[in-house]
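**Student:** In my numbering, the protein residues as written are 561 to 650. Glycine included, C-beta positions come from ideal geometry on N, C-alpha and C. Sharing a structure with you now.
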């Protein structure tokens with residue numbers, strides 16, 4: 561394996577690890593926020609026209625944030641793929 565291929569593989573692996581750690585660190589507080597919104601919706605009056613829509617919005621935003629994190633992880637380069645050879649003139 562060439563030096564460039566090794567460097568690319570290490571860089572891809574590092575990027576994947578950083579994204580994984582970042583996603584984990586962001587999902588933890590999002591999970592807590594979602595749980596708090598859920599429990600507040602359980603103990604607060606269901607007919608409260610001011611609070612319930614805000615709690616629903618919080619849960620919606622948490623879901624959107626988790627989706628964004630999942631998509632970002634999906635965009636991370638696959639370290640196992642490694643560099644691809646390209647034939648001249650291809």
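Relative to the C-alpha of residue 634, which residue among 600, 618, 592, 577 is closest?
**Tutor:** Within the chain shown, residue 634 is the residue found at index 74, counting from 1. If we check each option's Cα against that of residue 634, 577 comes out closest.
**Student:** One question on the structure: do residue 587 and residue 615 come within less than 8 Å of each other, judged by their Cβ atoms?
**Tutor:** Looking up residue 587 in the chain shown gives position 27. Looking up residue 615 in the chain shown gives position 55. No, they are not a contact pair.
**Student:** If you reduce the DSSP assignment to three classes, tell me which class residue 511 lands in.
**Tutor:** One cannot answer for residue 511 here, as it falls past the ends of the chain, which runs 561 to 650.
**Student:** Quick one, are the C-beta atoms of residue 632 and residue 590 less than 8 Å apart?
**Tutor:** Counting from one through the chain shown, the residue named residue 632 turns up at place 72. Counting from one through the chain shown, the residue named residue 590 turns up at place 30. No, these two residues do not count as a Cβ contact at 8 Å.
**Student:** Using only CA atoms, which one of 570, 584, 573 lies nearest to residue 625?
**Tutor:** The residue labelled residue 625 in the question sits at position 65 within the chain shown. With distances taken between Cα atoms, residue 625 lies closest to 584.
**Student:** Skipping 5 residues on each side, what residues in its chain have a beta carbon closer than 8 Å to that of residue 606?
**Tutor:** Along the chain shown, one-based indexing puts residue 606 at 46. Once the five neighbours on either side are set aside, the close Cβ partners of residue 606 are 612.
**Student:** What's the gap between the Cα of residue 602 and the Cα of residue 581?
**Tutor:** For the purposes of this step, residue 602 is identified with residue 42 of the chain shown, where counting begins at 1. For the purposes of this step, residue 581 is identified with residue 21 of the chain shown, where counting begins at 1. Taking the straight line from one Cα to the other gives about 32 Å.
**Student:** In whole angstroms, give me the CA-to-CA distance for residue 600 and residue 610.
**Tutor:** The count along the chain shown starts at 1 and reaches residue 600 at position 40. The count along the chain shown starts at 1 and reaches residue 610 at position 50. Residue 600 and residue 610: Cα-Cα distance of roughly 13 Å.
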